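Below: the structure, in structure tokens.
Numbering (UniProt numbering), first residue to last: 1 to 376.
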């Protein structure tokens, strides 16, 4: 790599960074300081997932996993459920994207199992519920109608998922369904994710809380050059939370823009941005009308600790946030930290699996080098 370009642009880049760091935005209209000293006796579950794969010339060997833990306020943490699956992925296309979807499907199934078997008050999902809703229509094929595949296979997949939850033997159901067309096969994986999420929302949507350390969304400060989470992080220090913004708020804002000047490019961009967010959230209702609202906000559970994104399908009060603080370490829920640490599937573990399976296929060195360069 030629480092001279860095030396040439060092001053310009540093100036841009300093301008961002020195740009103070008024957060007082949205931010509520709170000590979070009023917890309830709540019982939390929470989990995370992981995946890894080895790309060979003919196929990719993968392993996915998900772990969930339990934590009652004032008590010790305990493991609830761990699930792993190993297989080869077919067809051999879009491997990393599809494995991420496999992982999320398994995470949702683990959440469903934990909620059905452990009686938790809330289940913490690592990441944003908004991101999970986006995943319902991220993949697919221009050659295959997702709704048609859903109508053809939903009953079969629902029955298989019910059997998995009852037995505790959680895996990727769509792998066991014979489909000849490779485009239909990929869409079927998408449909399994949609159905799993629908089952979770129908039964337990009021108990789900998404918690994320990162976020790219701008629904508070739409003209800022940095995401909302960064604005709150740079302009607050004490513990507190932002006033939640719901999908209903966004719809009203969009309607107000529609009544304003039509030929304003700035208003049009704002309108289109809001419309895209709303469409992302409501897409799942095409299959079953399960979602009536979504609440997004940010919280700092301890002074000078990190800002977290909070997403839920009903309003979260200070009692719940105070209880979250009670089960957190350094401002982050310990069950999610422990899940993340223990669910990792290492290269060594997967290579051992390959030896047990007596796989002698040639590794795709080009893909391997590319993944390592990208940190995948």
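The beta carbon of each residue, even a glycine, is placed where N, CA and C say it ideally should be. Here the structure is a predicted model, which is why all the values come from computation and not from measurement.
Checklist entry - Which whole-angstrom value is the C-beta distance of residue 301 and residue 36, which I expect to be below 8 angstroms? => result 6 angstroms
Checklist entry - So residue 340 packs on residue 39, CB below 8 angstroms; how close in whole Å? => result Not a contact, Cβ separation roughly 23 angstroms.
Item to check | Sequence-distant residues of its chain with Cβ nearer than 7 angstroms to residue 216 (five each side left out) | outcome: 227
Checklist entry - residue 81 bridges to which residues according to DSSP? => result 68
Checklist entry - Between which two residues does the beta strand (DSSP E) harbouring residue 44 extend? => result 43-55
Checklist entry - Do you know offhand how far residue 220's Cα is from residue 122's? => result 26 angstroms
Checklist entry - Taking Cβ positions, are residue 146 and residue 191 nearer each other than 8 angstroms? => result yes
Checklist entry - What are the boundary residues of the alpha helix (DSSP H) that includes residue 95? => result 95-118
Next on the checklist: Buried or exposed for residue 76, going by 16 or more other Cβ atoms inside 10 Å?
Outcome noted: exposed
Checklist entry - Got a sec? Which residues, its chain only, sit under 7 angstroms from residue 274 by beta carbon, not counting five neighbours each side? => result 250, 253 and 254
Checklist entry - By how many angstroms is the C-alpha of residue 175 removed from the C-alpha of residue 329? => result 39 angstroms
Item to check | Three-state secondary structure (DSSP) of residue 33 | outcome: strand
Checklist entry - Excluding the five sequence neighbours on either side, which residues of its own chain have a C-beta within less than 8 angstroms of the C-beta of residue 193, listed in chain order? => result 101, 104, 105, 108, 135 and 136
Checklist entry - Excluding sequence positions up to five away, which residues of its chain have a Cβ less than 8 angstroms from the Cβ of residue 240? => result 31, 32, 33, 34, 299 and 300
Item to check | Any non-hydrogen atom of the ligand FMN within 7 angstroms of residue 118 CB | outcome: This structure lacks the ligand FMN, and indeed carries no ligand of any kind.
Item to check | Euclidean distance between Cα positions of residue 366 and residue 231 | outcome: Any reading at residue 366 needs caution, since the residue's pLDDT is 47, under 50, leaving its predicted position unreliable; the model's value is listed next. Taking the straight line from one Cα to the other gives about 40 angstroms.
Next on the checklist: Quick check on the DSSP output: the alpha helix (DSSP H) that includes residue 233 runs from which residue to which?
Outcome noted: 228-235
Next on the checklist: Considering only the alpha carbon of each residue, which of 222, 345 and 276 lies closest to residue 266?
Outcome noted: 222
Checklist entry - From residue 48 to residue 148, what does the alpha carbon distance come to, in whole angstroms? => result 31 angstroms
Item to check | Range covered by the alpha helix (DSSP H) that runs through residue 190 | outcome: 182-204
Item to check | Expected contact under 8 angstroms - CB spacing of residue 336 and residue 46 to nearest Å | outcome: 5 angstroms
Next on the checklist: If contacts are defined as beta-carbon pairs under 8 angstroms, then residue 66 and residue 83 qualify, I think. What distance do you get, rounded to the angstrom?
Outcome noted: 5 angstroms
Checklist entry - Cβ of residue 68 within 8 angstroms of Cβ of residue 114? => result yes
Checklist entry - For residue 3, which of helix, strand or coil comes out of DSSP? => result coil
Checklist entry - Do residue 290 and residue 56 have their CB atoms nearer than 8 angstroms? => result no
Next on the checklist: Between the alpha carbons of residue 29 and residue 11, how many angstroms are there, rounded?
Outcome noted: 35 angstroms
Item to check | Residue range of the beta strand (DSSP E) that includes residue 126 | outcome: 122-126
Next on the checklist: In whole angstroms, give me the CA-to-CA distance for residue 205 and residue 313.
Outcome noted: 6 angstroms
Checklist entry - Cβ of residue 70 within 8 angstroms of Cβ of residue 118? => result yes
Checklist entry - Thinking just about the alpha-carbon of each residue, which of 54, 287 and 98 is nearest to the one in residue 154? => result 287
Item to check | CB of residue 144 within 8 angstroms of CB of residue 184, strictly | outcome: yes
Checklist entry - Between residue 88 and residue 111, which are expected to be in contact by the criterion C-beta below 8 angstroms, what is the C-beta distance as a whole number of angstroms? => result Not confirmed; about 26 angstroms, so no contact.
Next on the checklist: Please classify residue 168 as buried or exposed, where buried requires at least 16 other C-beta atoms within 10 Å of its C-beta.
Outcome noted: exposed
Next on the checklist: On the criterion of 16 or more Cβ atoms from any shown chain inside 10 Å, does residue 18 qualify as buried, or is it exposed?
Outcome noted: exposed
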